[in-house]
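With my numbering applied, the sequence shown closes on residue 337, and no number is skipped along the way. For reference, the structure is listed below as structure tokens.
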Amino acid sequence: MVYTTKIRFEGGNATFGESMRFAFSKMGLIFQWSLLSATVGLLLRILDHLASNLGKAGQIVASILIGLLGMAWSIITIFVVPVLVYEGLGPIDTVKKSTQVIKKTWGESLIKHIGLGLVQFFVFVLIIALTVGLTFVLSNAFDTIGFVIGIVTGILVLFITGLIFSVASTIFNTALYVYANKSLVPAGFDEETVKGAFRNRKS
Numbered sequence: 135m136v137y138t139t140k141i142r143f144e145g146g147n148a149t150f151g152e153s154m155r156f157a158f159s160k161m162g163l164i165f166q167w168s169l170l171s172a173t174v175g176l177l178l179r180i181l182d183h184l185a186s187n188l189g190k191a192g193q194i195v196a197s198i199l200i201g202l203l204g205m206a207w208s209i210i211t212i213f214v215v216p217v218l219v220y221e222g223l224g225p226i227d228t229v230k231k232s233t234q235v236i237k238k239t240w241g242e243s244l245i246k247h248i249g250l251g252l253v254q255f256f257v258f259v260l261i262i263a264l265t266v267g268l269t270f271v272l273s274n275a276f277d278t279i280g281f282v283i284g285i286v287t288g289i290l291v292l293f294i295t296g297l298i299f300s301v302a303s304t305i306f307n308t309a310l311y312v313y314a315n316k317s318l319v320p321a322g323f324d325e326e327t328v329k330g331a332f333r334n335r336k337s
């Protein structure tokens, strides 16, 4: 997705085959990054398990600290995928580069990261509520078949919505990364919107 976005920003139009070939050419780096990400996730789970052996007060404090660590990790790795695509760096250097871009765009990056997450959460809650209502109506009208149709429809809508949010996040992250490193506003983006991410850093 990031490669396709990159080519589009540069005025090209990457095909599905080209994007897949690029992805396969980066499999080594992708595997290394996946290994690092999985290791961090495992360490956080281990810490969470160890915290369960503490007293109630200790568990609360530990849970807060572990949550903050997890949040910090998710924030500093926002630009990891664009870095992999544009720079081809190893996992450690990729995290360092992502952190540098975060420092440049901290205002817009955090607002987008938290804001988009909240919007997605509320949209998901709305979809789930509508799915429950739809399933109830259909199950009353068509019994088991109606119930299945309602559940399957809800799952499909949730999947498509999650995909849309993921694509939107990827495109905007890539645009910020391009501007941070090349001082170029990608095609299709408003110049003031992208530059605003950097003015937030100066204020």
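All residues carry an ideal CB built from backbone N, CA and C; glycine is no exception. Keep in mind it's a predicted model, so treat the numbers as computed, not measured.
Residue i vs residue j beta-carbon contact at 9 Å
i: Val257; j: Phe299; result: yes
i: Thr265; j: Val235; result: no
i: Ala206; j: Gln193; result: no
i: Ala196; j: Asp182; result: yes
i: Leu163; j: Leu223; result: yes
i: Pro216; j: Thr308; result: yes
i: Val312; j: Lys160; result: no
Rounded C-alpha distance that separates residue i from residue j
i: Asn274; j: Gly267; result: 11 Å
i: Ile209; j: Gly296; result: 19 Å
i: Val301; j: Phe270; result: 32 Å
i: Phe156; j: Ala148; result: 10 Å
i: Ile226; j: Ile261; result: 38 Å
i: Thr287; j: Asn315; result: 42 Å
i: Ala172; j: Leu272; result: 41 Å
i: Ile285; j: Asn187; result: 39 Å
i: Leu250; j: Ser303; result: 8 Å
i: Thr228; j: Ile289; result: 34 Å
Burial state of residue i, where buried means 16 or more other Cβ atoms lie within 10 Å
i: Phe143; result: buried
i: Lys230; result: exposed
i: Phe306; result: buried
i: Phe293; result: exposed
i: Phe213; result: buried
i: Val136; result: buried
Minimum length 4: unbroken alpha helix (DSSP H) runs contained in the stretch 141-214: 150-159, 161-185, 190-210
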